[in-house]
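K.L.:
I'd like to ask you about the structure that follows.
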Amino acid sequence: MVFGRTENLKKLLFISDFNRISLTNYNCWSCKKELTEKESKLQFCPCEINTILPVNNKINYFELFNINMEYNVDVKLLTKNFRQLMKKLHPDLFTLKSDLEKKFSAEQSSLVNKAYDTLKSPIKRGVYMLDLIDPHFNAEAIETHESDAEKRLILMEILELNEIIDEIKQPKEVEELAERLEEIMRPFEDELEDAFSQKNYKKAISVVSKMRYFKNVDERLKDLQLKFNIQNV
Amino acid sequence: MSVQLTRNILKNTRLLKSLDSVKIATSSYHEKVIDHYENPRNVGSLNKKDENVGTGLVGAPACGDVMKLQIKVDENGNIIDAKFKTFGCGSAIASSSLATEWIKGKTTEEALKIKNTDIARELCLPPVKLHCSMLAEDAIKAAINDYKTKKKVAQ
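Quick note, the sequences are listed as chains U and E, same order. Here the working numbering is used: the first residue of the first sequence is 1, the next is one more, and so on. Here the working numbering is used: the first residue of the second sequence is 1001, the next is one more, and so on.
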């Protein structure tokens, strides 16, 4: 309470600081070191103090985890890099730091969480990559129409999976479902990997459009895994 | 100590936030949607091998919802029974529940006249949920279509 006025003053300073940062993206807010574009996408200033940096909105999720932008992601490496980043960025580590640093840590770790969730999921990763290549692609993926027979098969499969989920009572059943979903998704994933590596985006759009149908089933499976405490990595 | 304290505070704010979102979610659904969602009419399945049963299966890739609507038709072309099974959001469930309620007792020709806008208006669906009522209209059409194809093959 004694520090009330100073705190307010500090807050004012932070606000003005923050405005300046968003204007000059390429300087460290603390040591004022000029950052290259690559450095500005780091989480910490490369100086000795290693100050936490604000999120550079231009960063893509692949850059964030320092992995190649390919559909075929090494999930183990992704998880390893995710944990390493979190070890440095988690808001718990910033409780004694300034408000600005707390804010940056919260924003950085929330981005890392979102990025990890996206890249880990074969469906979300496909949608995200389409978005990165051309933001119009996903709109096309929604408009894409499969042949009626193909669509019918997909829908029957989804209906059946949902019915199975409704009946699940044991962890073993959740694992069986996960395996089954993986078997269904694998051919799509292989096709998508080929399509992206050959830059055949028409094909990629068509595969993603089919995969999107399984989005809800995938979410329901994740909820079950959480409920039964099953690790899905 | 301080870490533990922040954790607790974080937990509590998260809890508050989730409570907030629950409040928003319920208040944005119209009571008619909630009624159909909580007491869905005609949930279940009919024997799809029965030649008097037509099955419509539709889905939308954008949201991943899937809707199965079945009708049982008598020799005069009247829909004597209708069942549905929908996996999706509350609006999709309400739309299909209402659709089965409406088509029961109608002839297949009358049922074909039901438009998604009628369903949306009855349930007061917001613009972002219009595709749910569209799905219900497609499901009615698909079920009637399936019934008619079956009859043609039988003849």
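Using N, Cα and C, we set each Cβ at its ideal position, and we do this for glycine too. In this text, all values refer to a predicted model and were calculated from it rather than measured experimentally.
Using 8 Å as the threshold, is the C-beta distance between U/E63 and U/K33 below it?
P.N.:
Cβ atoms of U/E63 and U/K33: not closer than 8 Å.
K.L.:
Closer than 8 Å by C-beta to U/D131: which residues in its own chain qualify, once you throw out the five before and the five after it? Chain order, please.
P.N.:
Excluding residues within five positions, the ones whose Cβ falls inside 8 Å are F137 and N138.
K.L.:
Give a yes or no on whether 8 Å exceeds the smallest Cβ distance from U/Y201 to chain E.
P.N.:
Not closer than 8 Å to any Cβ of chain E, the Cβ of U/Y201 fails to qualify, so no.
K.L.:
What's the gap between the Cα of U/E48 and the Cα of U/E107?
P.N.:
Their backbone Cα atoms lie some 22 Å apart in a straight line.
K.L.:
Return no unless some Cβ of chain U is closer than 8 Å to the Cβ of E/K1151.
P.N.:
No, because no Cβ of chain U sits closer than 8 Å to the Cβ of E/K1151.
K.L.:
If the cut is a Cβ gap below 8 Å, which residues of chain E does U/R152 touch?
P.N.:
By Cβ distance, chain E contributes L1057.
K.L.:
Could you check whether U/I59 and E/P1061 sit closer than 8 Å to each other, using their CB atoms as the reference points?
P.N.:
No, Cβ-Cβ distance for E/P1061 and U/I59 is not below 8 Å.
K.L.:
Within the 8 Å Cβ cut-off, does U/K215 reach chain B?
P.N.:
No chain B appears in the structure shown, which is made up of the protein chains U and E.
K.L.:
Could you tell me the alpha carbon to alpha carbon distance between E/T1149 and E/G1077, rounded to whole angstroms?
P.N.:
Roughly 14 Å separates the two Cα atoms.
K.L.:
Residues of the stretch 1083-1094 of chain E with a CB closer than 8 Å to any CB of chain U: list them in chain order, please.
P.N.:
Going along the stretch 1083-1094 of chain E in chain order, one finds K1085, F1087 and G1088 with a Cβ nearer than 8 Å to chain U.
K.L.:
If you drop the 5 nearest sequence neighbours on each side, which residues of the same chain put their C-beta closer than 6 Å to that of U/N113?
P.N.:
Within the same chain, U/N113 has no close Cβ partners at all.
K.L.:
Which ranges does the beta strand (DSSP E) cover as unbroken runs of at least 3 residues, wholly within the stretch 1028-1092 of chain E, from first to last along the chain?
P.N.:
DSSP runs (the beta strand (DSSP E)) wholly in the stretch 1028-1092 of chain E: 1053-1059, 1066-1073 and 1079-1087.
K.L.:
Go through the stretch 26-53 of chain U residue by residue and report every complete run of the alpha helix (DSSP H) that reaches 4 residues or more, in order.
P.N.:
List check, alpha helix (DSSP H) in window: 37-40.
K.L.:
Any idea if E/N1039 is buried or exposed, counting beta-carbon neighbours within 10 angstroms, 16 or more meaning buried?
P.N.:
So E/N1039 counts as exposed.
K.L.:
Could you give the residue range of the alpha helix (DSSP H) that holds U/E70?
P.N.:
Where U/E70 is concerned, there is no enclosing alpha helix (DSSP H), given that its DSSP letter is neither H nor E.
K.L.:
Could you tell me whether the Cβ of U/M185 comes closer than 8 Å to any Cβ of chain E?
P.N.:
Answer no: the Cβ-Cβ gap between U/M185 and chain E never drops below 8 Å.
K.L.:
Where DSSP assigns a beta bridge to E/T1117, which residues make up the other side?
P.N.:
According to DSSP, E/T1117 bridges with nothing at all.
K.L.:
Since U/V75 is in the alpha helix (DSSP H), which residue starts that stretch and which ends it?
P.N.:
Here the alpha helix (DSSP H) through U/V75 covers V75 to L89.
K.L.:
Taking the continuous alpha helix (DSSP H) assigned at U/K97, which residues delimit it?
P.N.:
Premise fails: U/K97 is in no alpha helix (DSSP H) and is neither H nor E.
K.L.:
Taking U/E235 as the reference, give the member of U/S110, U/E193 and U/R212 with the closest Cα.
P.N.:
The structure shown does not extend to residue 235 of chain U, since chain U is modelled only from 1 to 233, so the question has no answer here.
K.L.:
Check whether the stretch 154-167 of chain U touches the stretch 200-217 of chain U, counting contact only when three or more Cβ pairs, one atom from each stretch, lie closer than 8 Å.
P.N.:
Result yes; three or more Cβ-Cβ pairs closer than 8 Å.
K.L.:
Quick check on U/M69 - is its C-beta less than 8 Å from some C-beta in chain E?
P.N.:
By this cut-off, U/M69 is not an interface position.
K.L.:
Does the stretch 1136-1145 of chain E come into contact with the stretch 1064-1073 of chain E, if we say contact requires no fewer than three beta-carbon pairs (one atom in each stretch) closer than 8 Å?
P.N.:
Yes: the two stretches touch, three or more of their Cβ pairs being nearer than 8 Å.
K.L.:
So with Cβ pairs under 8 Å, would you call E/K1023 a contact of chain U?
P.N.:
Per-residue confidence for E/K1023 stands at a pLDDT of 48, beneath the threshold of 50, marking its modelled position as unreliable; the derived number appears in the next sentence. Cβ-Cβ to chain U under 8 Å: no for E/K1023.
K.L.:
So, for U/V55: in the same chain, excluding its five sequence neighbours on each side, which residues have a beta-carbon less than 7 Å away from its beta-carbon?
P.N.:
Cβ within range, chain order: E107, Q108 and L111.
K.L.:
Is U/T144 helix, strand or coil by DSSP?
P.N.:
Looking at U/T144 - three-state DSSP - the assignment turns out to be coil, as it is neither helix nor strand.
K.L.:
Should U/T51 be labelled buried (16 or more other beta-carbon atoms within 10 Å of its own) or exposed?
P.N.:
It is buried - the Cβ of U/T51 has at least 16 other Cβ atoms within 10 Å.
K.L.:
Kindly list, in the order they appear in chain E, the residues whose Cβ is closer than 7 Å to that of U/M156.
P.N.:
Ordered by position in chain E, the residues that pass the 7 Å Cβ test against U/M156 are L1057.
K.L.:
Check the Cβ of U/I244 against every Cβ in chain E and list those closer than 7 Å, keeping chain order.
P.N.:
Since the first residue of chain U shown is 1 and the last is 233, residue 244 of chain U is not available in this structure.
K.L.:
So, is U/Q170 buried or exposed, given that buried needs 16 or more other C-beta atoms within 10 angstroms?
P.N.:
Looking at its Cβ environment, which holds fewer than 16 other Cβ atoms inside 10 Å, U/Q170 is exposed.
K.L.:
Heavy atom of the ligand MN less than 7 Å from the Cβ of U/P135, yes or no?
P.N.:
Among the components of this structure there are no ligands whatsoever, and the ligand MN is therefore not found.
K.L.:
With 16 as the cutoff for other CB atoms within 10 Å, does U/P135 come out buried or exposed?
P.N.:
Under this definition U/P135 is an exposed residue.
K.L.:
Establish whether the CB of E/G967 and some CB of chain U are separated by less than 8 Å.
P.N.:
Residue 967 of chain E falls outside the range modelled here, since chain E spans only 1001 to 1155, and no answer is possible.
K.L.:
Inspect the beta-carbon positions of U/I168 and U/L177 and report whether they are closer than 8 Å.
P.N.:
Contact: yes.
K.L.:
Out of U/S30, U/Y71 and U/L224, point me to the one whose CA is closest to U/E193's CA.
P.N.:
Cα-wise, what sits closest to U/E193 is U/Y71.
K.L.:
With U/Q238 as the anchor, note down where its alpha helix (DSSP H) starts and where it stops.
P.N.:
In the structure as shown, chain U starts at 1 and stops at 233, and residue 238 of chain U therefore has no counterpart that could be examined.
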